Every structure is written in structure tokens, then in C-alpha cells.
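Residues 159 to 623 in the numbering used here are what the sequence shown lists, from first letter to last.
The C-beta atom is built at its ideal place from N, Cα and C for all residues, glycine as well.
All values reported here derive from a predicted model rather than from experimental measurement.
Here's the structure, in C-alpha cells; my notes come after.
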Amino acid sequence: MAEQAVSNQSSNTQNPGSADLDELIAEQEKIFVERQGESRRMAARADRALAGGVTSSWQITRPQPVWLSHGKGSKIYDVDGTEYVDLHGGYGAALAGHGHPAIVEAVRGQAALGTHFAQPTPAAILVAEELTRRFGLPLWRFANSGTEATMDAIHLMRAITGRDLIIKVEGCYHGHHDSVQVSVAPEAEEVGPEHKPAQVPASTGIPRAITDLTLVVGFNDLDGVARLLDEYPGKIAGMIIEPIMMNAGIIEPEPGYLAGLKELLHSRDALLTFDEVKTGLTAGPSGATGVTGVVPDIICLAKAIGGGVSVAAIGGTEEAMGHVSNGDYEMVGTFNGNPLAMAACRAMLCEVATPAAYERIDALRQQAVAGLQQAIDASGLPAHVVAVGAKGCVVFSPEPVRNFRDFLTIDDSYSHAHWMYQHNGGVFLPPWGKAEQWLISVQHDEADIRRFTDNFAALAAALRP
Ligand SMILES: Cc1ncc(COP(=O)(O)O)c(C=O)c1O
Numbered sequence: 159m160a161e162q163a164v165s166n167q168s169s170n171t172q173n174p175g176s177a178d179l180d181e182l183i184a185e186q187e188k189i190f191v192e193r194q195g196e197s198r199r200m201a202a203r204a205d206r207a208l209a210g211g212v213t214s215s216w217q218i219t220r221p222q223p224v225w226l227s228h229g230k231g232s233k234i235y236d237v238d239g240t241e242y243v244d245l246h247g248g249y250g251a252a253l254a255g256h257g258h259p260a261i262v263e264a265v266r267g268q269a270a271l272g273t274h275f276a277q278p279t280p281a282a283i284l285v286a287e288e289l290t291r292r293f294g295l296p297l298w299r300f301a302n303s304g305t306e307a308t309m310d311a312i313h314l315m316r317a318i319t320g321r322d323l324i325i326k327v328e329g330c331y332h333g334h335h336d337s338v339q340v341s342v343a344p345e346a347e348e349v350g351p352e353h354k355p356a357q358v359p360a361s362t363g364i365p366r367a368i369t370d371l372t373l374v375v376g377f378n379d380l381d382g383v384a385r386l387l388d389e390y391p392g393k394i395a396g397m398i399i400e401p402i403m404m405n406a407g408i409i410e411p412e413p414g415y416l417a418g419l420k421e422l423l424h425s426r427d428a429l430l431t432f433d434e435v436k437t438g439l440t441a442g443p444s445g446a447t448g449v450t451g452v453v454p455d456i457i458c459l460a461k462a463i464g465g466g467v468s469v470a471a472i473g474g475t476e477e478a479m480g481h482v483s484n485g486d487y488e489m490v491g492t493f494n495g496n497p498l499a500m501a502a503c504r505a506m507l508c509e510v511a512t513p514a515a516y517e518r519i520d521a522l523r524q525q526a527v528a529g530l531q532q533a534i535d536a537s538g539l540p541a542h543v544v545a546v547g548a549k550g551c552v553v554f555s556p557e558p559v560r561n562f563r564d565f566l567t568i569d570d571s572y573s574h575a576h577w578m579y580q581h582n583g584g585v586f587l588p589p590w591g592k593a594e595q596w597l598i599s600v601q602h603d604e605a606d607i608r609r610f611t612d613n614f615a616a617l618a619a620a621l622r623p
């Protein structure tokens with residue numbers, strides 16, 4: 159297959175000075191569709207075989223899904239033969255990049271030795287020991303996706319306390335099981351008062367009886383949690399939270415917030431779960447737990463820990479996981495600790511996500527942030543950059559974002575224009591607008607980041623207010 163880097167910059171440079179955003183989007187959509195004939199044909203065929211023409215509803219990109227052929231290093235290639243710098247990272251899972259030799263060797267080696275037994279294999283112990291070293295929790299189990307990990311964490315908090323209610327944060331996403339499909343991305347007219355957010359089902363098919371059990375609070379709102387604990391004494395099992403929010407751009411916890419949560423919840427015999435499915439190895443070698451220094455009762459990991467293979471982990475304190483050890487809560491799954499997943503996970507933790515890799519990522523993140531900020535300063539675009547570890551995003555607002563209500567006020571059109579502009583310029587960002595963020599892998603280099611920041615500078619110039 160012919161591999162080519164696209165460049166839309168010839169057409170972009172036809173937009174000097176200020177440009178109407180809608181016009182720019184329309185022009186970029188036209189370029190996008192015209193250069194992806196094979197994807198269009200695939201999408202039409204897939205419509206007859208796959209529900210909605212894709213394999214997960216969040217693979218539907220506007221104006222049409224992008225079908226990929228393969229990935230190599232820091233790049234991915236679509237079925238039209240176009241090369242992209244991959245900053246999508248498979249929604250934050252591809253920290254290893256693509257075809258990393260250590261992952262390939264681990265998977266190939268294990269495939270030859272058998273891919274499934276439903277009995278434990280030695281790699282599971284190595285992985286658990288390494289997770290303990292990084293995250294400070296002594297006992298681990300495995301699952302297959304972030305959804306399974308957070309589902310187990312919530313079952314466990316309920317099993318330990320014998321209580322039904324849980325608290326989640328407005329705007330946090332924890333996967334697609336019922337208990338957490340509440341107030342994930344509610345509309346402004348649905349959210350209710352800030353001091354008592356509404357419990358909004360995130361999808362059809364979620365029973366009211368379940369949403370009633372999931373209490374909602376704003377991010378960075380410690381008083382809100384105290385109010386709920388007072389309102390429902392002895393009824394709340396615990397709280398689940400993305401310790402650094404990463405499904406509403408990136409929203410960082412204020413100093414003292416996470417430590418305050420832990421103290422408050424423990425004072426009422428309730429538990430704290432960190433959903434580190436996204437932040438896991440990407441916010442740093444020990445995730446948000448390492449960045450913030452707060453170790454919760456339970457941690458959920460998935461995405462990047464498998465080096466691109468589907469796997470999840472649930473870690474806990476002796477006390478929490480004791481309820482698994484003694485059989486009180488049966489944490490089960492045919493594919494839990496699957497040997498292929500464990501082999502990939504071991505290679506990821508021990509050979510890929512090394513101190514040297516994080517140093518390299520830190521330098522690339524600094525390059526990205528500096529390049530983007532320079533373009534913002536030069537154009538006067540009302541935007542700012544937030545970046546943590548291998549992740550980052552442009553927030554198209556001059557104001558800092560403290561919680562989901564602030565995030566709701568941001569116009570998503572800018573992010574869509576940005577996504578398409580980058581795509582037409584040979585950089586694949588995650589497609590879901592302002593909610594998502596980039597991922598720098600261990601295989602990216604300075605030229606990749608330059609392509610990204612150059613595209614952004616051209617967009618910023620085209621949007622100059
Ligand atoms: C923070 C967080 N938790 C859980 C999940 C669910 O993970 P999965 O899609 O592997 O089920 C996601 C997915 O994006 C996530 O971002």
C-alpha cells in the first residue's frame with residue numbers, strides 16, 4: 159500500500175487572517191471526504207454488516223468514519239494509504255505506539271505457547287508485583303476492559319460496606335455498566351442546581367432504580383460530598399472518581415481535594431476508588447496516584463497497561479481486597495488474567511514504560527505545549543493548553559476549567575475544526591471534540607510533534623480573532 163503524508167496546508171493557507179468558523183469547518187469537511195474515497199466505500203459496505211457501520215459507537219467520526227489498515231511506530235495508516243501521526247492513541251491506550259518490538263515479542267511468544275487456559279500463569283504475579291511497586295496497593299486482580307474494572311470496584315465497595323449508594327462526579331466517565339452511566343455528559347438543561355446535581359441517565363436502557371442509587375457531585379466540590387454524606391448517613395458505600403478528569407478535556411484536582419475526599423469518606427466508613435483507566439500509565443509512571451500522592455482504597459486500570467492488548471486491573475488495600483481473598487465477593491471472569499494479556503502487560507510495565515521512556519515523553523510534551531502556546535499567543539486565540547504526562551489538550555476558552563459545568567460552556571465547534579484540520583494535515587487526534595485529549599507514545603519524536611504544532615499554528619492563524 160502506498161503510504162503518503164497528507165497536507166492540506168495549501169488549502170489552509172487560502173484562509174489568511176480571520177475566518178468564519180462554520181465556513182472553515184465546511185471547507186475542511188469537503189477536503190476530508192474527498193481524500194477518503196476508500197473509507198467512504200468501506201463505511202457504505204459496513205453499514206450492511208455492522209450496526210451503525212462501526213464496532214463501537216464512538217468510532218463514528220464526523221463527517222464519516224475513518225477506516226484504518228495498520229499502524230507502525232508513532233504512525234497509523236488509513237485504507238486510502240494516508241499516513242497520520244497517531245495522537246488518538248486508540249482513546250489513550252497506545253502508549254507503546256504500534257508494533258513495539260517488546261510487545262510484539264511478548265505476544266508472539268505467548269501465542270505460540272497457548273493463549274488461554276483460565277488458570278493463572280507466572281506473568282500474572284510479575285504484573286501484580288510491578289503494579290504494587292508503582293501504585294502502592296498490595297493486592298491485584300485482572301479483567302478485560304475499563305468497564306469491567308470499575309464494575310468490580312463498585313461491587314466491591316458495596317460488598318465491603320453492605321451499603322447501596324455510591325457517589326460519582328458529574329462529567330466523569332467510568333465505562334458502560336449501569337451504575338456509572340449517570341451524569342456522564344448531561345446537557346446544560348438537564349444538570350439541575352450546582353449544589354444538588356441531577357442524576358441523569360447517560361443512555362437509554364438504564365433503569366431509574368439504578369440511577370437513583372448513584373448520587374452525583376461536582377468535581378473539586380468537597381463540600382458537596384460532605385453534604386451527601388450528611389444527607390444519607392450510613393447509606394453510602396463509597397465514591398468513584400477520575401482523580402484527574404480526562405473525559406472533559408483535562409481537569410486537574412485542586413490542592414487538597416483528593417486527600418480531603420479520602421479523609422471525609424473514611425470518616426463515614428465509606429471507600430474511595432480512583433478510576434485510573436485513562437490516567438494509569440499516561441499521567442506518569444504511577445498514574446494520577448503518583449502525581450497527586452493520594453493512594454485510594456481501590457484503583458482501576460486498563461487501556462495503556464496492556465500495550466494495545468485488552469486487559470484491566472483492579473488493585474486494593476489488604477482490607478478491601480480481603481473481601482475477595484476470603485470469598486465474600488467473587489471477582490470472576492473466564493478471561494481474567496488471560497496469558498496473552500498478562501504477557502503484553504508484563505512487557506509494557508517492565509520493558510516499555512521505563513524511566514527513559516517517561517523522560518522522552520516529558521520532553522515531547524514540553525515541545526508540544528510550547529509550540530501550541532506560541533501559536534495561541536501569536537494569534538490571540540481565546541484558548542489555553544492543559545497537559546499532564548503523555549496527555550494534553552487545547553481548551554478553546556481563555557478561562558481555566560474547574561468542573562464539568564465550566565466545561566459545558568465551551569463551544570465544541572473549535573475542537574471539531576481543530577480535529578479536522580489536524581486530520582487533513584496528517585495528524586490523527588481523538589475525534590470526540592472538546593472531551594478528548596492527545597496521547598504521546600514512547601515512539602513519537604520531535605518531527606511528529608512539530609507536524610502537530612505546525613498544523614495548530616496554521617489553524618490559529620486562520621481563526622485569528
Ligand atoms: C476513565 C475511564 N474509565 C473507564 C473507561 C471504560 O473503559 P473501556 O472502554 O475499556 O471499557 C473509560 C473509557 O474511555 C474511561 O475513560
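Closer than 7 Å to a non-hydrogen atom of ligand 1 - does that hold for the CB of residue i?
i: Met506; result: no
i: Ala460; result: yes
i: Lys354; result: no
i: Lys436; result: yes
i: Met404; result: yes
i: Asp433; result: yes
i: Glu400; result: yes
i: Ser337; result: no
i: Ser303; result: yes
i: His246; result: no
i: Thr633; result: For residue 633 there is no data in the structure shown, the boundaries of the chain being 159 and 623.
i: His332; result: yes
i: Tyr249; result: yes
List the endpoints of the continuous beta strand (DSSP E) containing residue i.
i: Arg299; result: 297–301
i: Leu323; result: 323–327
i: Ile283; result: No beta strand (DSSP E) holds Ile283; the alpha helix (DSSP H) holding it covers 281–293.
i: Met397; result: 394–399
i: Gly474; result: 470–474
Note the first and the last residue of the continuous alpha helix (DSSP H) segment covering residue i.
i: Glu181; result: 179–192
i: Leu522; result: 513–537
i: Ser197; result: 195–204
i: Ser573; result: 571–582
i: Leu498; result: 497–505
i: Gly438; result: Note, Gly438: premise wrong, no alpha helix (DSSP H); not H, not E.
i: Ala367; result: 366–369
i: Lys420; result: 415–425
Using the beta-carbon count (16 or more within 10 Å), is residue i buried or exposed?
i: Ala301; result: buried
i: Ser214; result: exposed
i: Phe275; result: exposed
i: Ile234; result: buried
i: Asp370; result: exposed
i: Lys188; result: exposed
i: Gly414; result: exposed
i: Asn484; result: exposed
i: Asp310; result: buried
i: Ser340; result: As written in the sequence, residue 340 is Val, which differs from the Ser given in the question. That one is buried.
i: Ser168; result: The predicted position of Ser168 is uncertain, since its pLDDT is 39 and thus under 50; no value can be drawn from it.
i: Val546; result: buried
i: Ala460; result: buried
i: Thr450; result: buried
i: Ile456; result: buried
Quick one: measure Cβ to Cβ for residue i and residue j, integer angstroms, because I've assumed they're closer than 8 Å.
i: Arg299; j: Val482; result: 6 Å
i: Ile409; j: Val559; result: 5 Å
i: Gly473; j: Leu226; result: Not quite, the Cβ-Cβ distance comes to about 32 Å (not below 8 Å), so this is no contact.
i: Ile598; j: Ile519; result: 5 Å
i: Leu439; j: Val285; result: 12 Å between Cβ atoms; not a contact.
i: Leu245; j: Val585; result: 6 Å
i: Val453; j: Ala417; result: No, Val453 and Ala417 are not in contact; Cβ-Cβ is about 10 Å, not under 8 Å.
i: Met403; j: Ile325; result: The pair is not a contact, with the Cβ atoms about 15 Å apart (cut-off 8 Å).
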